[in-house]
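Chemist: Sequential numbering from 1 applies to the sequence shown in the UniProt record's numbering. Glycine residues also receive a C-beta, built at the ideal position from the N, C-alpha and C atoms. Okay, here's the structure, questions in a sec.
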Amino acid sequence: MRNFVVIAFVLFFGIQSSEAQVRVSPGLRGGLNISTLTNIDDNSSKTDFYIGGLVDIRFNKFFSLQPEINYSRQGDEGRYFENGRYYSEKYELNYITLGAVAKFNFNGGGFHILGGPSLDLKVSDNYINTNPEDFDFAIVGGVGYTLPNGLTFEARIKQGLVDIYGYDYYNNDGYYTNDAILNQVFQIGISYKFKTK
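In structure tokens:
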């Protein structure tokens with residue numbers, strides 16, 4: 001019983017002291033999307049943008065959690081054949097993304113690596129004969145560098161996990177996993193965290 005009281009006492013004061021070090025900083029982010037869809041013939045990447053907001057919750061000099069909300073223009077640029085000619089067309093999949101990335105800072109700041117999940121809710125598309133899924137789950141990973149003034153430069157890769165047409169490859173409904181049409185996005189951008197007391 002005495003050991004339990006000592007452990008509870010240490011945990012309580014450890015949590016209290018860590019809460020005293022937590023710093024919350026809101027911010028803005030935006031940048032370039034280079035997106036594509038997997039397993040589509042004659043396709044190429046589409047260049048567009050993302051923009052949004054963040055809240056950086058810094059627990060200590062090495063770790064922070066960053067919830068984000070963004071508007072992300074994704075999709076693909078493909079070709080189709082009609083009347084003896086090839087035509088190019090941009091396929092648009094536009095999302096509101098809700099993410100939470102964990103950031104691991106080296107030497108207490110500056111360079112960091114990041115990773116986390118993202119829930120992407122489709123707000124629009126330009127598909128005429130098909131109806132893509134209304135959501136996607138994705139995994140985000142990347143690297144970045146933060147300047148002392150709060151300006152951050154980042155490069156990220158976002159890999160979608162849901163087939164855009166909703167096929168269930170895991171239960172083998174007539175398709176193979178390596179045929180899945182998934183979102184893939186490479187992002188280069190900047191963000192700025194407002195300093196708070």
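Assign D42 to one of three DSSP states: helix, strand, or coil.
Modeler: coil
Chemist: Apply the 10 Å Cβ neighbour rule to N105 and answer buried if 16 or more other Cβ atoms are within range, or exposed otherwise.
Modeler: buried
Chemist: Quick one: using the 10 Å Cβ neighbour count with 16 as the cut-off for buried, is E154 buried or exposed?
Modeler: E154 counts as buried, since at least 16 other C-beta atoms from the protein chains shown sit within 10 angstroms of its C-beta.
Chemist: Considering only the alpha carbon of each residue, which of L151, D134, N129, G99 lies closest to G109?
Modeler: L151
Chemist: State the beta-bridge partners of T152 as determined by DSSP.
Modeler: T146, S191
Chemist: Leaving out five residues before and five after L161 in sequence, what residues of the same chain have Cβ atoms less than 8 angstroms from its Cβ?
Modeler: Around L161: D136, F137, A138, I139, L182.
Chemist: Using the rule of at least 16 other Cβ atoms within 10 Å of the residue's Cβ for burial, across every protein chain shown, is N126 buried or exposed?
Modeler: Around the CB of N126, fewer than 16 other CB atoms lie within 10 Å, so the residue is classed as exposed.
Chemist: Give me the residue from N39, N70, L114, T47 with the minimum Cα distance to K90.
Modeler: Closest option to K90, judged by alpha-carbon separation, among N39, N70, L114, T47: T47.
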